[in-house]
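Just below is one structure, and these are the notes that go with it.
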Amino acid sequence: MGRIVLDKVSKRFGDVEVIPPIDLVIEDGEFAVFVGPSGCGKSTLLRLIAGLEDVTSGQIRIDGNDATNLAPAQRRLAMVFQSYALYPHMTVRKNIAFPLRMAKLDKAEIDKRVANAAAVLNLTDYLDRRPGQLSGGQRQRVAIGRAIVREPAAFLFDEPLSNLDAALRVGMRLEISELHKRLATTMVYVTHDQVEAMTMADKIVVLRAGHIEQVGSPLELYRTPRNIFVAGFIGSPR
Ligand code: ADP
Ligand code: MG
Numbered sequence: 045m046g047r048i049v050l051d052k053v054s055k056r057f058g059d060v061e062v063i064p065p066i067d068l069v070i071e072d073g074e075f076a077v078f079v080g081p082s083g084c085g086k087s088t089l090l091r092l093i094a095g096l097e098d099v100t101s102g103q104i105r106i107d108g109n110d111a112t113n114l115a116p117a118q119r120r121l122a123m124v125f126q127s128y129a130l131y132p133h134m135t136v137r138k139n140i141a142f143p144l145r146m147a148k149l150d151k152a153e154i155d156k157r158v159a160n161a162a163a164v165l166n167l168t169d170y171l172d173r174r175p176g177q178l179s180g181g182q183r184q185r186v187a188i189g190r191a192i193v194r195e196p197a198a199f200l201f202d203e204p205l206s207n208l209d210a211a212l213r214v215g216m217r218l219e220i221s222e223l224h225k226r227l228a229t230t231m232v233y234v235t236h237d238q239v240e241a242m243t244m245a246d247k248i249v250v251l252r253a254g255h256i257e258q259v260g261s262p263l264e265l266y267r268t269p270r271n272i273f274v275a276g277f278i279g280s281p282r
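Residue numbers (my numbering): 45 to 282.
Structure representation (structure tokens):
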């Protein structure tokens, strides 16, 4: 579960076509990275998949079902926001449980899922702390925990590490890659950082001014960049 298909999806804000019609397939279990310069449409594309923006045209299918007009909560996708989106007055436990309380799951089920997520993320000993009493990396893990408990078909990340310092970023990159291996769930990850893309992705989608320049594995893009833009962006020798 977690195959995402974009079929001629486009997005217009007023008179400006930010995303011209594009086709893209993200396979079940794949780690897909959208990479490209600031303003190229990475966040917009992710928000279209999440349902936080309506498409102007085209169709989005998730596991074969037409999700184009589904509300975000009905898409079984979890958006991971940066760690500063945590509630500072709530404990780690309550922050992680929050989406489940909103969905009115019963307490035993909530407790079970929170305990599982905390175990996966090494947060078990921190459940009664508040975000202000955690390190930056631990806070980011709480933000991920809040997505895990929803048991989504796919995780969507929008530059989750951009407000962490360089050393912490490297550690979190590894943690997210580990998590992907452990959960085997589709992840779609937005970044403007080539190194993140090259080290984390199964599939890299290089965006430029809203359109897809090239899609491929890190090795494919490195060895056979389609043009100078991709080569320059990926850092390959062409
Ligand atoms: P990225 O995440 O790659 O930096 P965005 O997806 O945020 O790029 O933005 C792509 C383009 O769409 C930019 O030119 C941005 O100004 C424009 N844009 C994004 N959101 C809106 C909006 N709600 N209304 C109008 N223009 C927008
Ligand atoms: Mg963005």
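In this text, a Cβ means the ideal position worked out from N, Cα and C, and glycines have one as well. All of these numbers come straight from a predicted model, not from anything done at the bench.
Please determine, among Ile-188, Asp-150, Thr-88, the residue with the shortest C-alpha to C-alpha distance to Ala-161. Ile-188
Considering only C-alpha positions, which residue in the set Arg-91, Lys-247, Ala-253 is nearest to Glu-74? Lys-247
How about Leu-200 and Ala-122: do their beta carbons lie closer than 8 Å? yes
Under the three-state reduction of DSSP, which class applies to Ile-103: helix, strand or coil? In the sequence as displayed, the identity of residue 103 is Gln instead of Ile. Note: Gln-103 maps to strand in three-state DSSP.
So does Phe-201 have its beta carbon nearer than 7 Å to some heavy atom of the ligand ADP? No, since every heavy atom of the ligand ADP falls outside the 7 Å radius drawn around the Cβ of Phe-201.
Span of the beta strand (DSSP E) holding Asp-202? 198-202
Boundaries of the alpha helix (DSSP H) in which Arg-56 is found, first to last residue: Where Arg-56 is concerned, there is no enclosing alpha helix (DSSP H), although the beta strand (DSSP E) it sits in stretches over 48-57.
Who pairs with Asp-67 in a beta bridge, going by DSSP? In the DSSP output, where bridge partners are listed per residue, Asp-67 has none listed.
Using a Cβ-Cβ cut-off of 7 Å (strictly less than) and excluding sequence neighbours within five positions of Ala-88, which residues of its own chain qualify? Checking the sequence shown, residue 88 turns out to be Thr, not Ala. Answer for Thr-88: Lys-55, Val-62, Ile-63, Glu-97, listed in chain order.
At the level of alpha carbons, what is the spacing between Ala-94 and Glu-153? Whole-angstrom Cα-Cα distance: 25 Å.
So does Ser-221 have its beta carbon nearer than 7 Å to some heavy atom of the ligand MG? no
Between Gln-258 and Met-216, how many whole angstroms is the CB-CB distance? I'm expecting something under 8 Å. 27 Å between Cβ atoms; not a contact.
So is Ala-111 buried or exposed if we call it buried at 16+ other beta carbons inside 10 Å? buried
I want to check one thing, is the minimum distance from the CB of Phe-142 to the heavy atoms of the ligand ADP below 7 Å? no
Take Pro-196 as the anchor and find which of Arg-119, Gly-176, Thr-243 has the nearest alpha-carbon. Arg-119
In this structure, how does DSSP classify Gln-238 when only helix, strand and coil are distinguished? helix
Where Asp-110 falls: helix, strand or coil (DSSP): strand
Could you tell me the distance, in whole angstroms, from the CA atom of Glu-219 to the CA atom of Pro-116? Glu-219 and Pro-116: Cα-Cα distance of roughly 26 Å.
On the DSSP bridge list, what partners appear for Arg-252? His-255
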